[in-house]
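Trainee:
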Amino acid sequence: MSNTLVFDMCGIIYSYDNNNQIDNKTIDLEDNQTQRDTIQSAIKANSNQLGVFEMPNAIDKLFSHIKLGDKIVIISSSSKSTSKLILETFFKNRNLDTNLINNIDIYCSSDYGSKSDTQTWHDILKNENYENITEMYEDTKEYLDAAQYAIKKLGNSNCKFSQKI
71 MSNTLVFDMC GIIYSYDNNN QIDNKTIDLE DNQTQRDTIQ SAIKANSNQL GVFEMPNAID
131 KLFSHIKLGD KIVIISSSSK STSKLILETF FKNRNLDTNL INNIDIYCSS DYGSKSDTQT
191 WHDILKNENY ENITEMYEDT KEYLDAAQYA IKKLGNSNCK FSQKI
């Protein structure tokens with residue numbers, strides 16, 4: 071039986087650069103520009119500049135367990151498409167086959183509730199009947215505690231829980 075590993079995204083797989091996340095560009099406003107127009111212009115001027123950085127050992131761990139045939143589950147507060155895009159970027163940067171990401175089950179926790187609620191974790195993990203959950207990574211202690219309770223409730227008593235890889 072293969073193992074199942076559960077990961078959070080932000081804080082476990084990736085992080086944001088704390089310095090100069092966005093290179094704010096000066097925007098010249100015309101007299102008839104509304105506040106909404108100003109905000110939209112700022113977003114356009116600063117898009118694609120929020121740094122997303124791989125956490126140490128994260129992609130190595132995902133890749134090695136995919137190669138072993140283990141099941142990888144990601145439960146993120148970001149949308150599924152955003153999480154997938156981040157993974158694709160990291161895989162491409164390492165010249166890894168991005169098709170391997172199709173072997174990862176990705177969930178947006180907001181579709182099920184709050185990560186602080188054990189029922190959210192329970193519903194996601196029970197939904198697909200994940201068995202033999204051996205490792206769980208979540209950087210927020212409150213969320214990790216909720217996940218731990220849910221995973222144990224599902225009968226996974228030998229799972230390792232950690233706030234970092």
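Numbering-wise, our numbering comes out as the position in the sequence shown, counting from 1, plus 70.
Backbone N, C-alpha and C fix where the C-beta goes; we use that ideal spot for every residue, glycine too.
#1: In its own chain, which residues sit with a C-beta less than 8 Å from the C-beta of F123, not counting the 5 before and 5 after it?
#2: Under 7 Å Cβ to Cβ from V164, same chain only, skipping five residues before and after it: list those, please.
#3: Does DSSP put I174 in a helix, in a strand, or in coil?
#4: Beta strand (DSSP E) containing S186: first to last residue?
#5: Using only the alpha-carbon positions, how far apart do M206 and K185 sit?
#6: Count the other CB atoms, across all protein chains shown, that sit within 10 Å of the CB of L157; report buried if there are 16 or more and exposed otherwise.
#7: Go to N200, then tell me how far its alpha helix (DSSP H) extends in each direction, as first and last residue.
#8: Quick one: measure Cβ to Cβ for K150 and I176, integer angstroms, because I've assumed they're closer than 8 Å.
#9: Pick out whichever of F77, N226 and E201 has its Cα sitting closest to the Cα of S147.
#10: For E124, list the residues DSSP reports as bridge partners.
#11: Classify M125 as buried or exposed, calling it buried when 16 or more other Cβ atoms lie within 10 Å of its own Cβ.
#12: Could you give the distance in angstroms between the alpha-carbon of Y200 and the alpha-carbon of G121?
#13: With 16 as the cutoff for other CB atoms within 10 Å, does E198 come out buried or exposed?
#14: Is the distance from the Cβ of D140 to the Cβ of L224 below 7 Å?
#15: Out of C229, T204, L132 and D193, which has the shortest C-alpha to C-alpha gap to M79?
#16: Use the C-beta contact count for S153: other C-beta atoms within 10 angstroms, 16 or more gives buried, fewer gives exposed.
Mentor: In short, the structure shows the following:
#1: Within the sequence shown, residue 123 is the residue found at index 53, counting from 1. Excluding positions up to five away in sequence, the list reads Y84, S85, Y86 and D87.
#2: Indexing the sequence shown from 1 puts residue 164 at position 94. Here the sequence assigns Arg to residue 164, which means Val is not the residue at that position. The answer, listed in chain order, is I129.
#3: Your numbering for residue 174 matches position 104 in the sequence shown. DSSP places I174 in strand when its eight states are reduced to three.
#4: Here residue 186 is taken as the residue at index 116 of the sequence shown, counted from 1. Neither: S186 is in no beta strand (DSSP E) and is coded neither H nor E.
#5: Taking the first residue of the sequence shown as position 1, residue 206 is located at position 136. Taking the first residue of the sequence shown as position 1, residue 185 is located at position 115. When rounded, the distance between both Cα atoms is 14 Å.
#6: Counted from its first residue, the sequence shown places residue 157 at position 87. Label assigned to L157: buried.
#7: Translated into the one-based positions of the sequence shown, residue 200 becomes position 130. According to the sequence shown, residue 200 is Tyr rather than Asn. Counting along the chain, Y200 falls outside any alpha helix (DSSP H), and DSSP gives it neither H nor E.
#8: For the purposes of this step, residue 150 is taken as residue 80 along the sequence shown, with counting starting at 1. For the purposes of this step, residue 176 is taken as residue 106 along the sequence shown, with counting starting at 1. 5 Å between Cβ atoms; contact.
#9: Residue 147 sits at position 77 when you count from the first residue of the sequence shown. Nearest option by C-alpha distance: F77.
#10: Along the sequence shown, read from residue 1 onward, the residue named residue 124 stands at position 54. Answer is Y84.
#11: Position 55 of the sequence shown, counting from 1, holds the residue named residue 125. Answer is buried; the Cβ neighbour count reaches 16.
#12: Locating residue 200 in the sequence shown gives position 130, counting from the first residue. Locating residue 121 in the sequence shown gives position 51, counting from the first residue. Each residue's alpha carbon lies about 33 Å from the other.
#13: The sequence position of residue 198 within the sequence shown is 128, counting from 1. Counting Cβ neighbours within 10 Å, E198 comes out exposed, since fewer than 16 surround it.
#14: Start at 1 with the first residue of the sequence shown, and residue 140 comes out as number 70. Start at 1 with the first residue of the sequence shown, and residue 224 comes out as number 154. No; because the gap between Cβ atoms is not below 7 Å, this pair is not in contact.
#15: Here residue 79 refers to the residue found at position 9 of the sequence shown. It is L132.
#16: Counting from one through the sequence shown, the residue named residue 153 turns up at place 83. With 16 or more Cβ atoms within 10 Å of its Cβ, S153 is classed as buried.
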